[in-house]
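Notes to accompany the following structure.
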């Protein structure tokens, strides 16, 4: 259960103001009235991306010594803390016309936007940290959905009410705390790194 809660919380907070959340806003305005189709595309892309990321993290954890993993994970989470403080912007290519429908466009755009993103790297680290791969994927996916469904349904109006700078600070603090706990060998009562 801890793997799920940690994964959900970290990704939901880290996603605030992230480029994929901005992409959700953009897709909602591009495909007006197709909100549930866009949400389905975000879900499909996230499941695929985060399964691969968590699987990679799980593989790394199985093939790297626990002491090395502790340092890599701890320092990775501290790096994510710094990264979370940097506001994201959409790439210029996100404004190109889409020739596929809203579902396929969303799946492709969201999957590609998530490649190399801080939430993808966090999912890799969480997959390495926790033995429950399915709980990591479920937690990170639902965290993405919790951050992006309101972005799709409410569009740009949401940005007026959600202080993204504060959410980035909370996400950074959570990543830093988790990194420090790992480096100090506090294991939350779980086996593994």
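Numbering (the numbering used here), first residue to last: 680 to 872. Note that CB positions come from ideal geometry on N, CA and C, so glycine has one too. None of these values were measured; they are calculated from a predicted model.
The C-alpha of residue 732 is placed about 18 Å away from the C-alpha of residue 692. By the CB criterion at 9 Å, residue 792 and residue 698 fall inside the cutoff. Rounded to the nearest angstrom, the gap between the Cα atoms of residue 799 and residue 789 is 12 Å. A straight-line Cα-Cα distance of about 15 Å links residue 707 and residue 779. Under the three-state reduction of DSSP, residue 864 is assigned to coil, being neither helix nor strand.
Cβ contact annotation for residue 822 (same chain, cutoff 6 Å, sequence separation greater than five): 687, 690, 691, in chain order. For the 9 Å CB-CB criterion, residue 682 and residue 808 form a contact. Between residue 752 and residue 828, the beta carbon gap of about 29 Å keeps them out of contact (Cβ cut-off 8 Å).
When rounded, the separation of the alpha-carbon atoms in residue 819 and residue 825 is 10 Å. Contact annotation, residue 734 with residue 854: C-beta distance approximately 21 Å; criterion of less than 8 Å not satisfied. In the DSSP annotation of this structure, the continuous segment of the alpha helix (DSSP H) that includes residue 814 starts and ends at 812-833. Cβ neighbours of residue 814 within its own chain (closer than 6 Å, five residues either side excluded): 682, 683. Between the beta-carbon of residue 759 and that of residue 720 there is about 26 Å, and that puts the pair past the 8 Å contact cut. Check the Cα spacing between residue 784 and each of 726, 743, 796, 702: the tightest is with 702. In the displayed model, residue 806 falls within a helix according to three-state DSSP. Residue 830 is positioned such that its CB atom lies closer than 9 Å to that of residue 704.
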